[in-house]
Amino acid sequence: MGEIKRINGSLIIAEGLEGVRIGDIAYVGDLRLIGEVVRISGREVALQCYEDTSGLRPGEHVISTGTPLVAELGPGLIGGIFDGLERSEIELWKRTGPFIKKGYKVIPLNREKRWYFEPRVKPGDKVLEGDIIGVVKESKIIEHRILVPIGINGVVENIGEGDFKVDEPVAEIKLPNGVKREVKLMQTWPIRVPRPYKERLPLAQPLFTGQRVIDTFFPIAKGGTAAIPGGFGTGKTVTLHSIAKWSDADIVIYVGCGERGNEMADILTHFPELEDPRTGEKLIERAIFIANVSNLPVSAREASIYMGITIAEYYRDQGYDVGIIVDSTSRWAEALRDLSGRLEELPAEEGYPAYLAERIAKFYERAGRVITLGSERRIGSVTIMGAVSPPGGDFSEPVTSTTMRFVGALWALDT
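Quick note: the sequence shown uses the working numbering, first residue 135, plus one each step.
Now the structure itself:
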C-alpha cells in the first residue's frame, strides 16, 4: 500500500508501492478510482487514472492489485453497451442514473444469468488450448463457443450439461502433471497483450461493406485494415455507421472513442430496430458497443481501444469474422499526447509523443486472418476500420500520416 504524493490532472504520483510493475492496476484514494501504473522511478510510481480525479488529496492510500487491466470474455457480451473499462453502461444506468458516481464498480458479465451449455467433448477426450469444449446460444444469431483457456492442455475429467452461470465450472481438465484445472464459461485476458494464434494467413476474401463505391473501387479484405480520414462534417461517422449496419462481418464491435454522445446514441437507437439482411434478426443480435464518448475521462480512451480489439480477438478465436470500427483514433492519440505531456516526456511533431507511430502500428497489427489455436482447423479474422479526424482536414498531420503507413485501404473524405 502506498499513498498519493501529488496530483496532476489524470496523473497520480504515489510513493510506497512495493513490487508493482508497469501496467498493473491500482485503486487510488478513498473513492478507489481505477488507475494504471505507467512509470516507475525509484520509490515514485506514476499512475494514469481512468476516472475524474477531482476531490483526491495527497496522503490518501493507493492499493495495487498486482494484475493488469483485463477483459472479461464470455457469454453476455453480444448486445451489450460497455464503457472503456468494460463496465456495463446499462447496469450503471440502472444503479446510478444518468450521472455515474466516481469509483463505482460494475462487473462486466452478469453473474446471475444462467446459460444453457451443450458439451462438444466427453470425459477421456484429449483437448488442447483453444479447443471448443461446448457451445452456448448467446443470441439469436451468435453461437458462443466455449474455448479451453490458453495454457491448458490435457484430458477431460468431467464435463456438465445444462444451465450454468458464467463463473461456475462446466468442465475439469487434468494436465499432464496431474493437476486438475476448472474451465468456466468466462475467462479473462490482459487487453494490451494480443491473443495468440497458430498461423497468420494471407488475405483472400473481401469484406463486403454494403457501400457500392467502397466495395467496387476501394475494397477491404477480411482481416485487413482501413482508415477513413476526413475533416469536420465530411461523413466519417455516417459512413462507419452504414458499414456497421450492412457489412457481412459475423460480429461487429463499435468503439466510440472520444466522439460526441449523440453520434453514439444514434447507432444505439437504430441497431435494435433494423433487421440483419442475412438472418432476418435485429442487428443488435450480432453487435457489441463500447461507448467512451467525449464527456468521459480522456485517459479511458486508450483503454476503450484495447478493450474492443481484445473482445474482437476472442470471437476471432471462435472462428468468426469480426469487424471492429473505431471512431475516432485521433481522440486516442490526443489522450496519448495529454498523458505524455503530464509525464514531461520529450514531445515530437505537434506535441504528440515520439512513440505514437509504434502505438498505432501495434494496434493495426492485431488485425488479420488466422488459423486459431486448437486441434481442429478454424479460421477467423479481425478487420479494423478506424476513423481519423485531422484538424482542418490536414492529411499531413502526424496521426493521419502515420496511420496511412500501416493500413491497407484508405477511404479519404473531403467536402
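For glycine and all other residues, C-beta sits at the position ideal for the given N, C-alpha and C.
Between which two residues does the beta strand (DSSP E) harbouring residue i extend?
| i | result |
| --- | --- |
| residue 145 | 145–149 |
| residue 394 | It is not in any beta strand (DSSP E) - residue 394 carries neither H nor E in the DSSP assignment. |
| residue 140 | 136–142 |
| residue 363 | 359–363 |
| residue 179 | 178–183 |
| residue 270 | 266–271 |
Mind checking residue i: buried by the 16 CB within 10 Å criterion, or exposed?
| i | result |
| --- | --- |
| residue 297 | exposed |
| residue 545 | buried |
| residue 523 | buried |
| residue 188 | exposed |
| residue 450 | buried |
| residue 175 | exposed |
| residue 273 | buried |
| residue 135 | exposed |
| residue 228 | exposed |
| residue 262 | exposed |
| residue 155 | exposed |
| residue 354 | buried |
| residue 199 | exposed |
| residue 164 | exposed |
| residue 216 | buried |
| residue 530 | exposed |
| residue 250 | exposed |
| residue 214 | buried |
| residue 226 | buried |
| residue 280 | buried |
| residue 340 | exposed |
| residue 338 | exposed |
| residue 230 | exposed |
| residue 483 | exposed |
According to DSSP, is residue i helix, strand or coil?
| i | result |
| --- | --- |
| residue 296 | strand |
| residue 408 | coil |
| residue 426 | strand |
| residue 201 | strand |
| residue 169 | strand |
| residue 526 | helix |
| residue 504 | strand |
| residue 188 | coil |
| residue 212 | coil |
| residue 457 | strand |
| residue 383 | coil |
| residue 174 | strand |
| residue 160 | strand |
| residue 262 | coil |
| residue 376 | helix |
| residue 517 | strand |
| residue 206 | strand |
| residue 279 | strand |
| residue 417 | helix |
| residue 544 | strand |
| residue 390 | strand |
Note the first and the last residue of the continuous alpha helix (DSSP H) segment covering residue i.
| i | result |
| --- | --- |
| residue 248 | First-last for residue 248: undefined, no H or E at that position. |
| residue 495 | 490–498 |
| residue 443 | 434–451 |
| residue 473 | 463–476 |
| residue 368 | Taken as a continuous stretch (DSSP letters only), residue 368 belongs to no alpha helix (DSSP H), as it is neither H nor E. |
| residue 535 | 532–540 |
Return the Cβ separation of residue i and residue j in integer angstroms, given the expectation that the two are a contact with Cβ distance under 8 Å.
| i | j | result |
| --- | --- | --- |
| residue 431 | residue 186 | 6 Å |
| residue 543 | residue 399 | Not quite, the Cβ-Cβ distance comes to about 28 Å (not below 8 Å), so this is no contact. |
| residue 425 | residue 390 | 5 Å |
| residue 518 | residue 211 | Their Cβ separation, rounded to whole angstroms, is 18 Å, which puts residue 518 and residue 211 out of contact at 8 Å. |
| residue 367 | residue 549 | 7 Å |
| residue 364 | residue 547 | 3 Å |
| residue 183 | residue 146 | 5 Å |
| residue 461 | residue 407 | Their Cβ separation, rounded to whole angstroms, is 20 Å, which puts residue 461 and residue 407 out of contact at 8 Å. |
| residue 362 | residue 356 | So it is not a contact: roughly 18 Å between Cβ atoms. |
| residue 455 | residue 515 | 5 Å |
| residue 179 | residue 138 | Between residue 138 and residue 179 the Cβ distance is about 10 Å, and since that is not below 8 Å, they are no contact. |
| residue 268 | residue 304 | 7 Å |
| residue 308 | residue 288 | 5 Å |
For residue i, would you say it is in contact with chain B, using Cβ-to-Cβ distances shorter than 7 Å as the test?
| i | result |
| --- | --- |
| residue 267 | Annotation note: the requested chain B is absent from the structure, which comprises a single protein chain. |
Fill in: Complete beta strand (DSSP E) runs within the region 282–357 (minimum length 3 residues, chain order)
Unbroken beta strand (DSSP E) runs of no fewer than 3 residues, entirely contained in the region 282–357, are found at 288–293, 296–298, 303–308, 314–318, 321–324, 333–335, following chain order.
Worksheet item: In chain order, which alpha helix (DSSP H) runs of at least 4 residues are fully inside the region 215–247?
Response: If we require 4 residues or more, the alpha helix (DSSP H) runs fully inside the region 215–247 come out as 223–230.
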